[in-house]
Amino acid sequence: MARIPTAPPMRVQFIPRSPCQHTARYADDTLDVIPLAFLHIFFSSGGLPEIDLANMCNSNNGNVFPGTKLAVCHHLTDDIKTCQKRGKLVTMSLGGATGSTAFSSDAQARTFAETVWNLFLGGSSDVRPFGDAVLDGVDLDLESGSGTGMVAFVTRLRELSNGASKR
Numbered sequence: 090m091a092r093i094p095t096a097p098p099m100r101v102q103f104i105p106r107s108p109c110q111h112t113a114r115y116a117d118d119t120l121d122v123i124p125l126a127f128l129h130i131f132f133s134s135g136g137l138p139e140i141d142l143a144n145m146c147n148s149n150n151g152n153v154f155p156g157t158k159l160a161v162c163h164h165l166t167d168d169i170k171t172c173q174k175r176g177k178l179v180t181m182s183l184g185g186a187t188g189s190t191a192f193s194s195d196a197q198a199r200t201f202a203e204t205v206w207n208l209f210l211g212g213s214s215d216v217r218p219f220g221d222a223v224l225d226g227v228d229l230d231l232e233s234g235s236g237t238g239m240v241a242f243v244t245r246l247r248e249l250s251n252g253a254s255k256r
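Quick note on this note's numbering: the sequence shown kicks off at 90 and runs consecutively.
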C-alpha cells in the first residue's frame, strides 16, 4: 500500500471576534494562520456583507462605507501586511454563532464569492475594508443554514483564485 504524504500540522490562532490588538503581535513563530473573525452577515445594507471584529472594527461606531453597514478597517492594513511578511496566512472567517450566512441558491452563492473576492482577496473594488491588504483566503465557520450554495461558493472562489498571485 502506498504511503500518502502528509503536511506538517498548521498552528492556527483563532481569535474569536477580536482578531488583532494588533494583528502583528500574533505574528510570532507559534502561529501559522490568523483568521479575522467574523464576516457574520452575508447580505446587509447596500447588498454588501457586514464584518464584526469586536472592539477592533465593526459597524457600531458608524465608520462604514456609505450606504452600507460594511465597516472601514483601514487601520488594520499595516498589521495584516506585517503578519504576511512574517509568513503568516491571514484569512477572513465567514460565519460565527450569531451570523446570517445562508444562500437561497447556487447563483446567489457564486455572486457572493465574487463579492468576497473583490472586497477581501485578489479582486478589486472601491470598497475594501482592509484597504490594499489582500487576505490569503477565507475559512468557513457556518453554524446555521441549510448548506444550499456552499459548494457553488467554494467552487467560484477557487475559479477566481486560479492564476492569482495568492491562492
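Just so it is clear, CB atoms sit at the ideal spot from N, CA and C, and this is done for glycine as well.
Excluding the 5 residues flanking residue i on each side, which residues of the same chain have their C-beta closer than 6 angstroms to its C-beta?
| i | result |
| --- | --- |
| residue 163 | 220 |
| residue 157 | 134, 135, 137 |
| residue 192 | 198, 237, 238 |
| residue 246 | 202 |
To the nearest angstrom, how far is the alpha carbon of residue i from that of residue j?
| i | j | result |
| --- | --- | --- |
| residue 170 | residue 223 | 8 angstroms |
| residue 230 | residue 186 | 8 angstroms |
| residue 206 | residue 182 | 13 angstroms |
| residue 200 | residue 168 | 29 angstroms |
| residue 254 | residue 216 | 21 angstroms |
| residue 139 | residue 150 | 13 angstroms |
| residue 244 | residue 195 | 10 angstroms |
| residue 174 | residue 142 | 22 angstroms |
| residue 148 | residue 128 | 12 angstroms |
| residue 242 | residue 228 | 12 angstroms |
| residue 126 | residue 155 | 22 angstroms |
| residue 118 | residue 172 | 11 angstroms |
Sorted by chain position, which residues of the same chain lie with C-beta nearer than 7 angstroms to residue i's C-beta, five sequence neighbours on each side aside?
| i | result |
| --- | --- |
| residue 213 | 207 |
| residue 152 | 160, 161 |
| residue 131 | 138, 189, 190, 201 |
| residue 235 | 191 |
In its own chain, which residues sit with a C-beta less than 8 angstroms from the C-beta of residue i, not counting the 5 before and 5 after it?
| i | result |
| --- | --- |
| residue 249 | 202, 203, 206, 210, 211, 212 |
| residue 180 | 122, 123, 124, 125, 224, 225, 226, 227, 228 |
Determine the extent of the alpha helix (DSSP H) in which residue i is found, giving its start and end residues.
| i | result |
| --- | --- |
| residue 167 | 166-174 |
Can you give me the start and stop residues for the beta strand (DSSP E) that residue i sits inside?
| i | result |
| --- | --- |
| residue 194 | Segment: none, residue 194 is in no beta strand (DSSP E) and carries neither H nor E. |
| residue 129 | 122-130 |
| residue 185 | 178-185 |
Under a CB-based cut-off of 8 angstroms, is residue i close to chain C?
| i | result |
| --- | --- |
| residue 162 | The displayed structure is made up of one protein chain only, and chain C is not part of it. |
Is any heavy atom of the ligand FAD found at a distance shorter than 7 angstroms from the C-beta of residue i?
| i | result |
| --- | --- |
| residue 188 | As far as ligands go, the structure on display features none, and thus does not contain the ligand FAD. |
> Can you list, in chain order, the stretches of the beta strand (DSSP E) that have 3 or more residues and sit fully within the segment 189-253?
Replying inline: 226-231
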